[in-house]
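Each residue of the sequence shown is one higher than the one before, counting from 2 in this note's numbering.
In this text, a Cβ means the ideal position worked out from N, Cα and C, and glycines have one as well.
Single-structure report; data block below.
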Amino acid sequence: MRKIRLLVLTVLLTSILSIGVNAQEGPVETNEFKLGNTIYKAVDSDEDDPLAYLSDSITDSDGYVSISSKTYSTMTCDSLKLVVNIQEKVNGSWKTVKTFEFIKYDTSRISKLETYDDINSGSQYRIKTFHHATVDDINYVDINTSSSITVK
């Protein structure tokens, strides 16, 4: 009787594990969400992804805005590049007032923190970030635009 129970338990566990493995097949899902003024974007995949995780945020600090931008890859890229545009809303349109550009070679991540102090009190600001990756002469790009903030 014990052997039969053990055999049945083994078959059930094997079946459950097989279902879990087979459930991994199918389309790749991208998870994107905003938390406050931070955008998070991640890809759920077993395959290498040069732009697997992206994060961008802008915050109002006393007399300046702080920006944070990150790109993480699941592989070593020939290069990772961030182009961060700080934009101000002027007469109903977004105008780029400052651009930061960063590049790293032979890496799987790039992360930058910067500040911008030429701000106008009461104005709205946001960041538009271009995340670039190059792998084997193939270029990948993803663009994030943050929510706007009103500086004090």
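Check: Does the Cβ of I139 have 16 or more other Cβ atoms within 10 Å, making it buried, or fewer, making it exposed?
Finding: I139 is exposed by the Cβ-count criterion.
Notebook entry, point to check: Among all the DSSP beta bridges, which residues are the ones paired with A134?
Noted result: Beta-bridge pairing by DSSP links A134 to L81, Y141.
Margin query: Rounded to the nearest angstrom, what separates V152 and L114 at their Cα positions?
Written below: Looking at the two C-alpha atoms, the distance is approximately 18 angstroms.
Check: Terminal residues of the continuous beta strand (DSSP E) containing D61?
Finding: From DSSP, the beta strand (DSSP E) with D61 extends over 54 to 62.
Checklist line | Collapsed DSSP secondary structure at I150 in the structure displayed | finding: Of the three classes helix, strand and coil, the one that applies to I150 here is strand, per DSSP.
Check: Mapping DSSP to helix, strand and coil, what is D107?
Finding: Strand, per DSSP.
Notebook entry, point to check: Skipping 5 residues on each side, what residues in its chain have a beta carbon closer than 6 angstroms to that of K71?
Noted result: Excluding positions up to five away in sequence, the list reads S56, S112.
Item checked: Alpha-carbon to alpha-carbon, N121 and L52 -> Their backbone Cα atoms lie some 34 angstroms apart in a straight line.
Check: Thinking just about the alpha-carbon of each residue, which of T108, S148, S69, E102 is nearest to the one in V136?
Finding: Out of T108, S148, S69, E102, T108 has the C-alpha closest to the C-alpha of V136.
Checklist line | Within 8 angstroms, strictly: CB atoms of Y117 and V66 | finding: It is a contact, given that the beta carbons lie within the stated cut-off.
Note to self: By the three-class DSSP mapping on this structure, what secondary structure does S69 have?
What the structure shows: The answer is strand: DSSP assigns S69 an E or B state.
Notebook entry, point to check: On the three-state DSSP scale, how would you describe E48?
Noted result: DSSP places E48 in coil when its eight states are reduced to three.
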